[in-house]
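> Here it is, the structure, as structure tokens.
2 protein chains.
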Amino acid sequence: MQQDQKSELTKSLIIEEAFKLFYENGFRSTSIEKIMKASKLTKGAFYHHYKNKQEIGLKVIEVKIQKRVEETMITPLSCDGNALHILETTFVNRLRSFSMYDKQHGCPMNNFINEIGDYETVYQVALRNVIEKWKLALINLIDKGKKENIILPAVSSSAVATYLISSFEGIRGMRKLYNNDKILDDYLSGLSIYIQQLKA
Amino acid sequence: MQQDQKSELTKSLIIEEAFKLFYENGFRSTSIEKIMKASKLTKGAFYHHYKNKQEIGLKVIEVKIQKRVEETMITPLSCDGNALHILETTFVNRLRSFSMYDKQHGCPMNNFINEIGDYETVYQVALRNVIEKWKLALINLIDKGKKENIILPAVSSSAVATYLISSFEGIRGMRKLYNNDKILDDYLSGLSIYIQQLKA
DNA sequence: TATAAAAAATACCGAGTAGTATGTTTTTGT
DNA sequence: ACAAAAACATACTACTCGGTATTTTTTATA
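Chains A and Y supply the protein sequences, listed in that same order.
Residue numbers for the first sequence follow this note's numbering, beginning at 1 and rising by one.
Residue numbers for the second sequence follow this note's numbering, beginning at 1 and rising by one.
Structure follows, in structure tokens:
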């Protein structure tokens, strides 16, 4: 195999394993050694490809977490059709798509936010970027819904977007504490009420 | 001073300092030594009063975090008057009461939930108890509002309670990422829309 | 095939970790 | 006043941490 290809392969392998361990056990309690043991490599390989732990933390946020949000919560918003309907199905489908593993460990982004969102500015900025992208996509859809006379023009698009994101992230954390989906069903009912109320 | 009084004083001093450090730096990255340095005592004193780190973690949840939620989010719900109004003012007042410090570090409970809510069952149970108490108090108020013909009887009290809590905890995390209150204002607008919609 | 560069492994450092064992000091009941 | 117990301090163990220095192995190229 070509050298640069192998290098890229190793780097992305490390990112994958790091993401998994950060998700399952948290950022701070995941050591470089654990990541490299999962990658079946040694610490020397890690420090050949990455500068330090902060760099891999940022990479995981910028690559894995951002991608996850984009693919599951932003891209589906670009569908044609009723804006309110798209809004609801995107959130509902996402919540329904979660595996046991996902439910148990919560939202990778929200875990990062609450564990290290106030730790160092670099993480703060990286996480804020993801949130802002998500928020902007929601605002665009809501604005579109207003233009098409589907959503009440009086409500603030930014406020609705913020409320939708905060409740979604909140419930992803709360679900960790339970061993059943009752709380998710309650959330979905609450969400449905909220969205219906935005109808023009 | 009497021995048992001094013992209680020391124990609660340790709880106070532990809570502060868990809140500011997280549970996992706060060591016993750091807690005891903040308490101006030594590790020997800690292990005389507490069994291990898990015990102090649980104590902090059961005493400090539960108390915080009760005093600021549950007790205010017992006021006389319009249920919807009480609901809104409780959430609004709480959010408005936060200091810079509180905004920067988010919600102590939510931090715990997202950092160690999936770590060990004991923490899961302790945190769930706090959430359940809060949820129950909200459900009682909403049910009262229904009886008094102030809140729509059709909506599920449990769903509304869950949605309110999840959005509040969500926004407490998100606020960490910003250096201004715009996101909190957006949240409050979103909350207001939501609560108004429950009117009978 | 020789050589340089990249990839990865090994060995190590100083600092920090939870927890223990064993001291010393202070308070208590008699 | 004295012995027991409680409160706290000191010193330590065995281990993990992030990061560095150095060496070995693999690969690309001339």
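A virtual CB, placed ideally from N, CA and C, is assigned to each residue, including glycine.
Since this is a predicted model, take the numbers as computed values, not measurements.
1) Is there contact here, the stretch 181–198 of chain Y with the stretch 161–176 of chain A, by at least three beta-carbon pairs under 8 Å?
2) What separation, rounded to the nearest whole angstrom, lies between the Cα atoms of Y:E62 and Y:K133?
3) Give me the Cβ distance between Y:I113 and Y:K59, rounded to the nearest whole Å; I'm assuming they're in contact under 8 Å.
4) Alpha carbon to alpha carbon, how far is Y:F91 from Y:C79? Give it in angstroms, no decimals.
5) Which of the three DSSP states is assigned to A:I183 in this structure?
6) So, under 8 Å CB-CB, Y:D118 and A:K176 are touching, yes? Tell me the CB distance rounded to an integer number of Å.
7) Using DSSP with H/G/I as helix, E/B as strand and the rest coil, what is A:K199?
8) In chain order, what residues of the stretch 111–132 of chain A put their CB closer than 7 Å to some CB of chain Y?
9) Within the continuous alpha helix (DSSP H) that includes A:S157, where are the two ends?
10) Suppose you measure from the CA of A:E33 to the CA of A:Y47; what does that come to, to the nearest Å?
11) Run through DSSP, which three-state label would Y:I151 get?
12) Are A:K144 and A:T162 touching if we call contact CB-CB under 8 Å?
13) From what residue to what residue does the alpha helix (DSSP H) around A:Q2 run?
14) With a threshold of 8 Å between beta carbons, is A:D181 in contact with chain Y?
15) DSSP on Y:L141, reduced to helix/strand/coil?
Let me spell this out:
1) In the pairwise beta carbon analysis, the stretch 181–198 of chain Y is classified as touching the stretch 161–176 of chain A: at least three pairs are separated by under 8 Å.
2) Y:E62 and Y:K133 have their alpha carbons spaced roughly 12 Å apart.
3) With 8 Å as the limit, Y:I113 and Y:K59 do not qualify as a contact, their Cβ atoms being about 17 Å apart.
4) Here the C-alpha atom of Y:C79 lies approximately 14 Å from the C-alpha atom of Y:F91.
5) Helix at A:I183.
6) For Y:D118 against A:K176, the beta-carbon gap comes to about 5 Å, under 8 Å, which counts as contact.
7) In the three-state DSSP reduction, A:K199 falls in the strand class (E or B).
8) Interface annotation for the stretch 111–132 of chain A against chain Y: N111, I113, N114, E115, G117, D118, Q124, L127, R128, I131, criterion Cβ-Cβ distance under 7 Å.
9) Element bounds for A:S157: 157–174.
10) Answer to the nearest angstrom: the Cα atoms are 11 Å apart.
11) Looking at Y:I151 - three-state DSSP - the assignment turns out to be strand.
12) Taking 8 Å as the Cβ cut-off, A:K144 and A:T162 do not qualify as a contacting pair.
13) The continuous stretches of alpha helix (DSSP H) do not include A:Q2, and DSSP gives it neither H nor E.
14) By this cut-off, A:D181 is not an interface position.
15) Reduced to three states, the DSSP call for Y:L141 is helix.
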